[in-house]
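Q:
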Amino acid sequence: MKTILIIEDDDFVLKAYKIKFEKEKFNVVVALDGNKAVAYLKNEPADLVLLDLMLPEINGFDVLAAIRKNEKWKKVPIIIMSNLGQTSDIKRCQDLGISDYIIKSDIKISEVVEKVKSLI
668 MKTILIIEDD
678 DFVLKAYKIK
688 FEKEKFNVVV
698 ALDGNKAVAY
708 LKNEPADLVL
718 LDLMLPEING
728 FDVLAAIRKN
738 EKWKKVPIII
748 MSNLGQTSDI
758 KRCQDLGISD
768 YIIKSDIKIS
778 EVVEKVKSLI
């Protein structure tokens with residue numbers, strides 16, 4: 668069973684994605700803020716990370732940088748899911764090696780599931 672780490676502070680969004688991925692037979696681990704996400708980096712890597720950028724404690728940009736600095740996690744696919752759509756934000760994430768950048772309001776959960784399946 669593949670493991671997905673979802674780093675998201677919006678409880679409604681988090682629950683919706685967790686339910687959908689579990690129905691698709693994924694193991695889902697969640698982190699509600701940047702500190703919990705960074706703490707999770709001490710564990711074995713997930714097969715894929717879904718990362719929001721606007722997080723309490725440590726923002727998603729810093730979480731992304733921490734993931735990429737961790738040798739065990741360097742090659743894990745990361746999909747940014749954010750409502751930040753500025754070109755500079757997308758470029759900053761691309762420079763840190765993301766697999767995809769999704770504007771949350773522009774995509775259905777089922778489409779995210781298909782993207783995840785294509786990456787792992």
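Numbering (the numbering used here), first residue to last: 668 to 787. For every residue, glycine included, the Cβ atom is placed at its ideal position computed from N, Cα and C. Predicted, not measured: the structure shown is a model, and the values here were computed from it.
Pull up the CB-CB distance for Asn-702 and Glu-724, whole angstroms please, since I reckon it's below 8 Å.
A: Their Cβ separation, rounded to whole angstroms, is 4 Å, which keeps Asn-702 and Glu-724 in contact under 8 Å.
Q: What is the residue span of the alpha helix (DSSP H) that Asp-719 lies within?
A: Here Asp-719 belongs to no alpha helix (DSSP H), and DSSP marks it neither H nor E.
Q: What does the Cβ neighbour count give for Phe-693, buried or exposed, with the cut at 16 atoms within 10 Å?
A: The residue in question, Phe-693, is buried, as its Cβ has 16 or more Cβ neighbours within 10 Å.
Q: At which residues does the alpha helix (DSSP H) containing Ile-787 begin and terminate?
A: Counting along the chain, Ile-787 falls outside any alpha helix (DSSP H), and DSSP gives it neither H nor E.
Q: To the nearest angstrom, report how far apart Lys-736 and Ile-769 are at their CA atoms.
A: In a straight line, the C-alpha of Lys-736 is about 23 Å away from that of Ile-769.
Q: On the three-pair Cβ rule with 8 Å, is the region 774-783 touching the region 730-749?
A: Yes, the region 774-783 touches the region 730-749.
Q: Since Ala-704 and Val-730 are thought to touch, with beta carbons under 8 Å apart, how far apart are those beta carbons, to the nearest angstrom?
A: At roughly 5 Å, the Cβ-Cβ gap stays under 8 Å, so Ala-704 and Val-730 are in contact.
Q: Ordered along the chain, which non-local residues of its own chain (more than five positions away) have a Cβ less than 7 Å from that of Asn-726?
A: Contacts found: Gly-701, Leu-720.
Q: Across which residues does DSSP place Ala-698 in a beta bridge pair?
A: Looking at the DSSP assignment, Ala-698 forms a beta bridge with Ile-674.
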